[in-house]
Amino acid sequence: MTSCSHFSVKRVAAAAVVLVMVGAPSIALAQIKIGSSLSVTGPASFLGDPEKKTLEMYVDEINKKGGINGQKVELIVYDDGGDANAARTFATRLVEDDKVAAVIGGTTTGTTMAMIPVFEEAQVPFISLAGGIPIVEPVKKWVFKTPHTDKMACEKIFADLQKRKLTNIALISGTDAFGKSMHDQCVKVASKYGITIAHEETYGPGDTDMTPQLTNIKSKPGIQAVLNTGFGQGPAIVTRNYRQLAIPQPFYQSHGVASKQYVQLAGDAANGVRLPAAALLVAEKLPDTDKQKPVVTGYMKAYEGKTRQDVSTFGGHAYDALMILTEAANRAGGFKDKAKLRDEIEKTKGFVGTGGVVNMSPTDHMGLDQSAFRMLEIKNGDWVLVPDSGS
Amino acid sequence: MADFLQFAFSGLTVGAVYALVALGFTLIYNASDVINFAQGEFVMIGGLSTVFLAAAGIPLPLAALLAVVIATAVGLALYRFAIEPARGASAVSLIMITIGASIFLRGAAQVIFDKRYHSLPPLFGDTPIRFGGAAILPQSLVVLAGALVIVVLLWTFIERTLFGKAVLATAANKLAARLVGIDTRRTVGFSFAVSAAIGAIAGILITPITLTSYNIGTLLALKGFAAAMLGGIGSAPGAVIGGLLLGLLEAFAAGYLSSQYKDAVAFIVILVVLFARPQGLLGRATVERV
Chain F
6 MTSCSHFSVK RVAAAAVVLV MVGAPSIALA QIKIGSSLSV TGPASFLGDP EKKTLEMYVD
66 EINKKGGING QKVELIVYDD GGDANAARTF ATRLVEDDKV AAVIGGTTTG TTMAMIPVFE
126 EAQVPFISLA GGIPIVEPVK KWVFKTPHTD KMACEKIFAD LQKRKLTNIA LISGTDAFGK
186 SMHDQCVKVA SKYGITIAHE ETYGPGDTDM TPQLTNIKSK PGIQAVLNTG FGQGPAIVTR
246 NYRQLAIPQP FYQSHGVASK QYVQLAGDAA NGVRLPAAAL LVAEKLPDTD KQKPVVTGYM
306 KAYEGKTRQD VSTFGGHAYD ALMILTEAAN RAGGFKDKAK LRDEIEKTKG FVGTGGVVNM
366 SPTDHMGLDQ SAFRMLEIKN GDWVLVPDSG S
Chain V
1373 MADFLQFAFS GLTVGAVYAL VALGFTLIYN ASDVINFAQG EFVMIGGLST VFLAAAGIPL
1433 PLAALLAVVI ATAVGLALYR FAIEPARGAS AVSLIMITIG ASIFLRGAAQ VIFDKRYHSL
1493 PPLFGDTPIR FGGAAILPQS LVVLAGALVI VVLLWTFIER TLFGKAVLAT AANKLAARLV
1553 GIDTRRTVGF SFAVSAAIGA IAGILITPIT LTSYNIGTLL ALKGFAAAML GGIGSAPGAV
1613 IGGLLLGLLE AFAAGYLSSQ YKDAVAFIVI LVVLFARPQG LLGRATVERV
């Protein structure tokens, strides 16, 4: 019994010493806290995981260079697993317990929307990494976002169709969240570009053969092009089936499959497919005159060198958010005055990020235009930039 | 007509996939009355192991063979460490154990493999065979042939060998089987191993069509289970007929009605069949004594 308590006293003492030693430098140096709730695990982990790695990597780098405005940055990342309820709890914890100066994150539209009321009420600047339009429309005072939206991808595709004088198209979309959302956005903006969606088909996220749907599209007269909005393995199978049926019309995919993986899975069938994609994916293909080239190649090299994983646009969104925040903090003279920091984020102009050139305004808290996307065509298992697609 | 033929080809392609998965349910059900919901994970292990072994530089045929061995080992381990310790438990409890095992295997696959989708090259290339204005991929025929070969082997094994009879006897009455000298534990363990091997072969054959990833098992097992129920669970020819029927139903529903409702149409037909003929199309009517 005595020896037992003896041990615990020793342990407490040791723990206290460790605590003092660890705590000491943080007391000496003024630290500012940037909070984040990301979906590092769970169904959206392929988004949240590169986001977390990117934030950690660049916060380290910022600290090595002496921090922001002379203050070291402490990054607090919670993993909400894609669960909106968990995200909301973490948002409250970030505000009340951690007392963060600003928040980056919200990997999915669902988690972001759940967190917005917390940060709006606490008046903490919040830059989301999710794609959904409702995040910034209508504009919320403290909420910003870096990724492009599905609507912009639709517009990019339709602009390309317009250029090729193709007006009658068929739409085949996945019934998953991404496919549905993009389908709805495309239907909404089609008339603006003089596009008629003459036929619509759908497929389930786990479907393994889409030839019946494509057969119906094939036998429908007057279709000039086909657009597939989808995510994951579905579009790869649709592409294979498209070639299996030897459908001659031009075939478009969405930015949802803008990855090397899609090209690998679809194989030769992907040749000739056009799709919009962020500059990051074609970093090495960009002309040297491109404003984004140094930024995207720099980020790509840093990320791939550090993680040994292929770069993704999702990590790029996190990079953009952190850099926008850093630049705004520099202009605002640190993180002390949250209202001033918010104003400076809103004044972001001409910021060149991985997702495009950002020009924010009181009515636009995303600040991207169509030039954020490049139109690509797949040729022999690789991307080729479609010329004159930049607006 | 060309449309009809194309829908039929699509139905046969998808149906052959369902049939192969459904076959895996047969043997374990016959031996132990358990519906093994981890069957889809055997399919996933077969496909993913082949992909990763091949990526590591092992020639494809050898990689496929090793993948079957790995899946068989997992099947045996599932029996030895999860099912066997719970012997004496009711079939429902054992089914729940297999659901747990499937979740565990999916999680393990995320860690051991990755979370991406992968594909394998098809056996006879990917130039579609054109016939009457429709097109079918050679791999679809490979999957169909694979299903037929497995059916014949399974049927021969169960109906024509002593060990197969022992499996049937174990299912009919475990105690009586033991009394006549059948090692029921070995029989059930064996059925898990063979089912896992069938699942792995299915996974390897269908990957060029369906692609594979750590979570592909859940949906395949669901469809395969529906096919097995439709054909009559426990019957190998029933599994194939159920699978093909389900595939054709889906394809024709997607083609002629609406792609939105194709799953609903398929499941309504299954419900109707099961109301009219609860034992499935080829299943044996069983009488339970209470």
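Just so you know, the sequences run in chain order F and V.
Per our numbering, the first sequence starts with residue 6, numbered consecutively.
Per our numbering, the second sequence starts with residue 1373, numbered consecutively.
Note that the Cβ used here is the ideal one computed from N, Cα and C, for glycine as well.
Being a predicted model, the structure only gives us computed values, none of them experimental.
Could you give the residue range of the beta strand (DSSP E) that holds residue i?
i	result
Gly-110(F)	107-110
Glu-205(F)	201-208
Asp-1405(V)	Taken as a continuous stretch (DSSP letters only), Asp-1405(V) belongs to no beta strand (DSSP E), as it is neither H nor E.
Phe-1453(V)	Here Phe-1453(V) belongs to no beta strand (DSSP E), and DSSP marks it neither H nor E.
Ser-224(F)	Element bounds for Ser-224(F): not the beta strand (DSSP E) but the alpha helix (DSSP H), 216-224.
Glu-405(F)	This structure gives no information on residue 405(F), because the portion of chain F shown stretches from 6 to 396.
Leu-390(F)	387-390
Quick one: grab the DSSP three-state call for residue i.
i	result
His-322(F)	helix
Tyr-257(F)	strand
Phe-1496(V)	coil
Asp-147(F)	What sits at residue 147(F) in the sequence shown is Trp, not Asp. It is coil, neither helix nor strand.
Thr-1559(V)	helix
Phe-378(F)	strand
Ala-1506(V)	strand
Ala-283(F)	strand
His-188(F)	helix
Ser-44(F)	coil
Gly-179(F)	strand
Ile-67(F)	helix
Asn-233(F)	strand
Val-141(F)	coil
Asp-165(F)	helix
Gln-357(F)	Per the sequence shown, residue 357(F) should be read as Val rather than Gln. Looking at Val-357(F) - three-state DSSP - the assignment turns out to be strand.
Asn-246(F)	helix
Gln-36(F)	strand
Lys-384(F)	strand
Asn-335(F)	helix
Asn-90(F)	helix
Ile-252(F)	coil
Ser-264(F)	coil
Thr-114(F)	helix
Val-278(F)	coil
Does the Cβ-Cβ distance between residue i and residue j come in under 9 angstroms?
i	j	result
His-370(F)	Lys-170(F)	no
Leu-1583(V)	Gln-249(F)	no
Gly-1610(V)	Leu-1654(V)	yes
Ala-1443(V)	Gly-1418(V)	yes
Ala-284(F)	Gln-266(F)	no
Ile-177(F)	Val-231(F)	yes
Val-268(F)	Asp-85(F)	no
Ala-1569(V)	Val-1440(V)	yes
Phe-1381(V)	Ala-1574(V)	no
Leu-80(F)	Ser-41(F)	yes
Tyr-1489(V)	Ala-49(F)	no
Val-1514(V)	Phe-1496(V)	yes
Met-157(F)	Ala-377(F)	yes
Ala-282(F)	Arg-245(F)	no
Ser-1474(V)	Ala-1593(V)	yes
Ser-1512(V)	Gln-218(F)	no
His-204(F)	Ala-251(F)	no
Would you say residue i touches the ligand SAH, meaning its beta carbon is less than 8 angstroms from a heavy atom?
i	result
Gln-190(F)	Of ligands this structure carries none, so the ligand SAH is not represented either.
Assuming residue i contacts residue j (C-beta within less than 8 angstroms), just tell me the rounded distance between them.
i	j	result
Leu-270(F)	Gln-238(F)	7 angstroms
Thr-353(F)	Gly-372(F)	6 angstroms
Phe-356(F)	Leu-52(F)	22 angstroms between Cβ atoms; not a contact.
Ala-1623(V)	Gly-1447(V)	No, Ala-1623(V) and Gly-1447(V) are not in contact; Cβ-Cβ is about 31 angstroms, not under 8 angstroms.
Phe-183(F)	Gly-87(F)	At roughly 14 angstroms, the Cβ-Cβ gap does not stay under 8 angstroms, so Phe-183(F) and Gly-87(F) are not in contact.
Thr-172(F)	Gly-136(F)	Wrong, their Cβ atoms sit about 27 angstroms apart, outside the cutoff.
Ile-37(F)	Phe-340(F)	5 angstroms
Tyr-308(F)	Val-316(F)	5 angstroms
Tell me where the alpha helix (DSSP H) around residue i begins and ends.
i	result
Ser-1474(V)	1463-1484
Ser-1421(V)	1411-1427
Phe-340(F)	Counting along the chain, Phe-340(F) falls outside any alpha helix (DSSP H), and DSSP gives it neither H nor E.
Ile-132(F)	Counting along the chain, Ile-132(F) falls outside any alpha helix (DSSP H), though it belongs to the beta strand (DSSP E) covering 131-133.
Lys-311(F)	298-312
Glu-1622(V)	1608-1624
Does the stretch 1378-1398 of chain V come into contact with the stretch 1613-1631 of chain V, if we say contact requires no fewer than three beta-carbon pairs (one atom in each stretch) closer than 8 angstroms?
yes
Contact between the stretch 208-215 of chain F and the stretch 185-194 of chain F is defined here as three or more beta-carbon pairs at a separation below 8 angstroms; is this criterion met?
no
Under 8 angstroms: do the stretch 124-133 of chain F and the stretch 334-349 of chain F share three or more Cβ pairs, one atom per stretch?
yes
Tell me whether the stretch 1554-1561 of chain V and the stretch 1425-1439 of chain V touch, counting them as touching only if at least three CB pairs, one residue from each stretch, are closer than 8 angstroms.
no
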